[in-house]
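So the sequences go chain by chain: A and B. Each residue of the first sequence is one higher than the last, beginning at 6 in our numbering. Each residue of the second sequence is one higher than the last, beginning at 799 in our numbering. Where a beta carbon is used, it is the ideal one built from N, C-alpha and C, also for glycine.
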Amino acid sequence: MSLLQHSATDLLSLLQSGDVTSQQVVQAYSDRAATVEDQVHAILQPTWESALERAEEIDRRRSAGELLGSLAGLPVAVKDILCTDDFPTTCGSKILETFRPPYNATVIEKLRAADAILVGKTNLDEFAMGSSTENSAFGPTHNPWDLTRVPGGSSGGSAASVSADLAPLAIGTDTGGSIRQPAAFCGVTGLKPTYGRVSRYGLVAFASSLDQAGPFARSAQDTALLLDAISGHDARDSTSANRPPTSAFAEVEQPLESLRVGVIREQLGEGVDDEIRVAVEASLQAFQQMGASLIDVQLPHARYAVATYYIVAPCEASGNLARYDGAHYGLRVESPELGSMYSASRARGLGEEVKRRIMLGTFALSSGYNSRYYLKSLQVRRLIRNDYDQAFENVDLLLGPTTPTTAFRIGEKSDDPLSMYLGDLFTVGTNLAGISGLSIPCGFSAAGLPIGLHLQGPAFSETTLLRAAHMYQSVTDWHARRPPL
Amino acid sequence: MSDADIVLVIGLEVHVQLQTASKLFCGCSTKFGQPPNTQTCPVCLGLPGALPVLNKEAFRLGAIAGLALNCKISPIMKWDRKNYFYPDLPKGYQISQFDLPLAYEGYLETLPEGGEPKTIRIIRAHLEEDAGKSMHDEAAGTSDSRIDLNRTGTPLLEIVSEPDLRSSQEARAYLDELKLLMTYLAVSDCNMQEGSLRVDANVNLHIPGPDGVIATPIVEIKNLNSFRAVERAIDYEAARQIDEWEDRGLRLGEAPKRTFGWDDQKERTVEQRQKEESSDYRYFPDPDLVPVTVTTQFVEQLQQGLGELPAALRARLQSQYDLDAYGANVLVNQGSSLVAYFEKLAAVSGNARRASNWVQQDVLRVLNETKTNIEGFPVAASQMGELLRLVENGKLNTSRAKDVFEEMFQAKLSLGDAMKSLGIEEVSQDALVDLCRELLNANPKVVADVSGGKQQAVGALIGQAKKRNPNADPGSVRKILLELIQQMG
Ligand SMILES: [Zn+2]
């Protein structure tokens, strides 16, 4: 059995028992990358060389009997929007092509402390703005299940890395679905933790009140393993929740008794692919068979979520991205005059979608429009949050499809940003409410494309979501299927 | 209508740098004058992914200042982003407070020189981070600019007054009192040379007319690098605006607000280039800093810790030590250390008025001449107090005491050593009586004159006594001489 077929949890036991070395594991993934990465293009900056050195060091420390971290010797791919002091951090943008941060994101520091091995910085939509990874300035990532299709986005590179066996674990970020939607498209498990669960320090901001880093893996159990390593309070992030790291891995195998599952009926009606509806309904039945009760739930303001999101996120982005002006770092287009240096640098350095969102946000915040758009969106955001609060009074979690469609073709929606935005319909509410959401594979379309099941829970309910997902993955094998690559 | 009917209307915006060791949202030092870009980190450089964390000491100092300005303190601490592009603003926005300033609706009692005390209302005082410094590298002969981000993120408190000021003197009095208050509370060192206190003035005219008062367009004056410059710029601008009103007759609202800079060399205000686009700062709440509740308990604690503020101190010095308003003012305006020196001096010497006079005349003169402050003054209040006691008890006359003071200061000597060095020792009563007897025996004519009613004749002998013994106190000598003559008579 190839090392690549093991789950991260299994690899960890093999490493601990001495049956395999970390060098063997990293080498196996590196060899795999050498054969498939040309077709997938999941990784912007591979780091196999330093990864092998790290692996050797960890093997040495292990044989010396040293106490090692919780991810010791496991390869992890990280979205190229988390700052690393030893590799460039481009955010998929020309304007940061040469940028090398002088510091590490807290998530990176935690991975290092857990003795994980960074194997690459993965591709993404520029500054995490997009749902297909086509907005990367460095070329799109291809869906491992069908190379003519997108892997989803913005964390498409991380999702494809796990899907195509380039790494057993990966880190993405989710601002409106950017972990869950690519997890669904690529047939892997992806978790958006509760806002504040994982430190944002060193996560290059897109929309600060929505951004959250989270894990990708092949199973709920592996996802729990990675979440435990990266979560916890961080004094450098004022929005970080004052809570200890999760201990989901220890609890994930415990089944949930008398689980109350909320079903959002609106999400199983019009606008959703039939194949997806059927797959999700089958999943509901599976939960019912495991003893869960199904309860219909209303989220009356959910239909305003996309509109609200596309005000809040661009407003924050317009401020967050003002710093990319050519003055201090990154790309600069020289010009005799300050104003033209700014505009030329930004015009050349930033991509179309990023410019579109900066303009949307700048407009929505400008004097005279502020109350009509930005302030209004904050009010609706509050209503959306209230909907969830009310729903969670009666249910433990919500189930529905992660996306209304399966992975679309590369180029299919490039000229239609609005239809691209509508693909976020089921995921943006989670971010607006600041709660937790998980996508797990729950079937395949006739064309062989993965379908994602969306689990949403109250704030800080990650362990519950992962336990529910593990229950499901114990009786199904959708998550175990591999692309024919 | 004459110029005398025109009312000058002034509002001041003052930025004071809070005296914290580190910046507002990161741990970098705020020390002044370090090599460029040596006090920076990912946070104040605005690097991608870096996040601000509030320096609580800055918030505490801001709240203290707000309370001292009689302001209400906002029950919620909230931060907003003020968006604009400039190379010394690395994030492309400044973290400030927009709709919920830390402190609001206060006032400051001022004492314009030669005028009546006047209350100036404070609209608001809010916290914000400073920008960096742009320097144009003229020497290199290019158009290159250099940016120093050491200042970036330094905590500032912006204090905005109502337009309650009516003259440059009133503006000066407001600034003097504000500076005094901030330094008393150790909120800021208010050092204008180092940029710890910066002033912008908004100036316009109210012109009485047959249909009521007409307001003229407001001009903002910047680049005011000293209080003196503030006064001169306001006076200049008042005259310029009167001329402009007479020429053009523009009213408020008929012309946009203009910005003028003060040129200290040419002693005139110069209109600054207007920003091409109107300044829409697109304020919105900073999502990196969650709003935090400010408890009444916290505010009450600060209120109790404020201690005696200058206005109360002036009043107490007047009632407790029987000082006049002018004297109390002079002492208080020198700062709390000088007041403490005075109070000790008054206690040791047993005569507050004398202590006040000596501090105002001698101590302050010496401090001025040597450009030093009371903290580094070599004559301890206890020693100085002993000196004044000698004067009080008639053991030393005032002019001799001044010699001793001078010696104590110049040679940094204790009271005893200074007296020894000047050869001053106390002359016993017996020795003085002996000396006087000798002089009277040698000068029968003086005895006769005095006995005959010409008391002033005794003066000649006092002079002789001083020659024979410089330590002899003229007052005592006179008294003994007269007594002896009476006995002889
Ligand atoms: Zn700093």
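L1003(B) versus A1240(B), V807(B), V1256(B) and L1238(B), residue with shortest Cα-Cα distance: V807(B)
Interface flag, S243(A) vs chain B, CB-CB below 8 Å: Chain B places a beta carbon closer than 8 Å to that of S243(A), counting this residue as a contact.
K821(B) CB to nearest heavy atom of ligand 1 below 7 Å: yes
Residues near I957(B) in its chain [Cβ-Cβ closer than 6 Å; skip 5 each side]: V812 and A923
Residues near ligand 2, criterion Cβ-heavy atom distance below 5 Å: The model on display carries ligand 1 but not ligand 2.
Any chain A beta carbon closer than 8 Å to Y1034(B): no
Near-chain B residues of the region 106 to 138 of chain A - C-beta to any C-beta below 8 Å: P106, P107, Y108 and A110
Pairwise C-alpha distance: R487(A) and P455(A): 10 Å
Interface residues of the region 871 to 884 of chain B facing chain A [CB-CB below 8 Å]: Residues of the region 871 to 884 of chain B with a Cβ closer than 8 Å to any Cβ of chain A, in chain order: R879, N881 and F883.
Members of the region 202 to 215 of chain A that neighbour chain B once the beta carbon cut-off is set at 8 Å: R205, Y206, G207, L208, V209, A210, A212, S213 and S214
Residue from D1078(B), V1231(B) and I918(B) whose Cα sits closest to the Cα of E1281(B): Selected option, being the one with the closest Cα: V1231(B).
Burial state of D1228(B), where buried means 16 or more other Cβ atoms lie within 10 Å: exposed
Pick from L79(A), R117(A), S68(A) and D15(A) that is closest to D90(A), judged by C-alpha positions: The shortest C-alpha separation from D90(A) is found at R117(A).
Contact the region 1237 to 1257 of chain B vs the region 1167 to 1175 of chain B: 3+ CB pairs below 8 Å: no
Contacts of D330(A) in chain B (Cβ-Cβ under 7 Å): Taking a Cβ-Cβ threshold of 7 Å, the residues of chain B close to D330(A) are F883 and G890, in chain order.
C-alpha gap between G912(B) and I316(A), whole angstroms: 58 Å
Where C842(B) falls: helix, strand or coil (DSSP): The DSSP-derived three-state label of C842(B) is coil.
Extent of the continuous beta strand (DSSP E) run through I945(B): S943 to D946
Residues of the region 311 to 338 of chain A with Cβ closer than 7 Å to any Cβ of chain B, in chain order: C320, E321, G324, A327, R328, D330, A332 and H333
Whole-Å CB distance - A4(A) paired with V124(A), under 8 Å assumed: Residue coverage of chain A in this structure runs from 6 to 490, which leaves residue 4(A) outside it and unanswerable.
Against chain A: residues of the region 820 to 837 of chain B by CB proximity under 8 Å: Taking 8 Å as the Cβ-Cβ cut-off against chain A, none of the residues of the region 820 to 837 of chain B qualify.
G192(A) and T111(A) closer than 8 Å at C-beta: no
Simplified DSSP assignment, three categories, for D233(A): In the three-state reduction of the DSSP assignment, D233(A) falls in the helix class, which pools H, G and I.
Between the CA atoms of A284(A) and R472(A) - distance to the nearest angstrom: The straight-line gap from Cα to Cα measures roughly 20 Å.
Where G890(B) falls: helix, strand or coil (DSSP): coil
Short-range partners of chain B found in the region 361 to 390 of chain A, where Cβ spacing is below 8 Å: T367, L370, S371, S372, N375 and Y379
Beta carbon of I871(B) nearer than 8 Å to that of V1097(B): Yes, the Cβ-Cβ distance between I871(B) and V1097(B) is below 8 Å.
Beta carbon proximity, V1146(B) to chain A, threshold 8 Å: no
L900(B): contacting residues in chain A (beta-carbon distance under 9 Å): None at all; the shortest Cβ gap to chain A is about 17 Å.
Helix, strand or coil at L1143(B) [DSSP, three-state]: DSSP places L1143(B) in helix when its eight states are reduced to three.
C-beta neighbour in chain B for L460(A), strict 8 Å: no
A188(A): first and last residue of the uninterrupted alpha helix (DSSP H) it sits in: R185 to C191
DSSP state of F132(A) mapped onto helix, strand, coil: helix
Per-residue burial, R1046(B) [other beta carbons within 10 Å of its own, 16 or more giving buried]: exposed
Segment contact flag, the region 54 to 69 of chain A with the region 17 to 28 of chain A, C-beta cutoff 8 Å, min 3 pairs: The region 54 to 69 of chain A makes contact with the region 17 to 28 of chain A, as at least three CB pairs between them are under 8 Å.
Beta carbon proximity, F896(B) to chain A, threshold 8 Å: Residue-level contact check: F896(B) does not touch chain A, since none of the beta carbons of chain A fall below 8 Å from its beta carbon.
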